[in-house]
Structure formats: structure tokens, C-alpha cells
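A.B. asks: The numbering of the sequence shown is this note's numbering, which starts it at 1366 and goes up by one.
By construction, the Cβ of each residue, glycine as well, lies at the ideal position given by its N, Cα and C atoms.
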Amino acid sequence: MTATPTVTKERAVKTVPKLYPNFKVIVLDDDFNSFQHVADCLMKYIPHMTSDRAWELTVQVDGEGQAIVWIGPQELAELYHLQLKRAGLTMAPLEAA
């Protein structure tokens, strides 16, 4: 008896790229930062932040107690969060979007 070779079919392997989650940078309301300071910090540290948008977000922080000022990749979110915190703003912990 001769052995017949076994043929195995290769399975098609599909890799589905998984996107990294985005993270939210959230500024919280406090009793010691002025509107001007919050708006100035947003314009200084958040890329492409306009004066009008910075004021809208500052008013939202005051009125609602918080505002999401940026959403994006974790590494950049950590950088902007740290910069705003070092500038004296009250920050919520980073959270996945």
C-alpha cells in the first residue's frame, strides 16, 4: 500500500485593521480661572483653535460645568491635557470617545 499525500487547503486569512480609539480632552469649570485665561489657553495649546471657538467653549465650560475642547488620538490628547493642566485649567481625566 502506498500512502497518498494529504493536501490541506490554506485558509484565507483576512486581517481587519482596528482603529485606535479617540480620546476627549475636557475642561472643567472652576472658581479661579478667568474667561480670558481659559480662552487664551485653548488658543495657545489646541491646534487650529480660533478666538471665536475658544470663547464658545469657555462659555460652555461656565454654563454647563465642562466642555470637550478636543477629540483625537490618545498621544496628542495626553499632550494637550497636560499642557492645559500645567497652565492651571481644571481638567477631567482623559476618556475614550
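Between Ala-1462 and Pro-1386, is the Cβ-Cβ spacing less than 8 Å?
C.D. replies: Remark: C-beta atoms of Ala-1462 and Pro-1386 approach each other more closely than 8 Å.
A.B. asks: Restricting to Cα atoms, I'd like to know which of Ala-1442, Leu-1459 and Glu-1421 is closest to Gln-1401.
C.D. replies: Glu-1421
A.B. asks: Excluding the 5 residues preceding and the 5 following Ile-1433 in the sequence, name in chain order all residues of the same chain whose CB lies nearer than 8 Å to its CB.
C.D. replies: Lys-1389, Val-1390 and Ile-1391
A.B. asks: How about Met-1456 and Leu-1407: are their beta carbons less than 8 Å apart?
C.D. replies: The answer is no: Cβ separation not under 8 Å.
A.B. asks: Name, in chain order, the residues that DSSP records as bridge partners for Glu-1460.
C.D. replies: Lys-1389
A.B. asks: Establish whether the CB of Glu-1429 and some CB of chain C are separated by less than 8 Å.
C.D. replies: As a matter of chain content, chain C is missing from the structure shown, which is built from one protein chain.
A.B. asks: Which of the three DSSP states is assigned to Val-1434 in this structure?
C.D. replies: strand
A.B. asks: Within 10 angstroms of its Cβ, does Val-1381 collect 16 or more other Cβ (buried), or is it exposed?
C.D. replies: exposed
A.B. asks: Please identify the residue among Glu-1460, Leu-1459, Lys-1450 and Pro-1458 whose C-alpha is closest to the C-alpha of Tyr-1410.
C.D. replies: Lys-1450
A.B. asks: With distances taken Cα to Cα, identify the nearest neighbour of Asn-1398 among Thr-1371, Ala-1442, Asp-1427 and Leu-1447.
C.D. replies: Asp-1427
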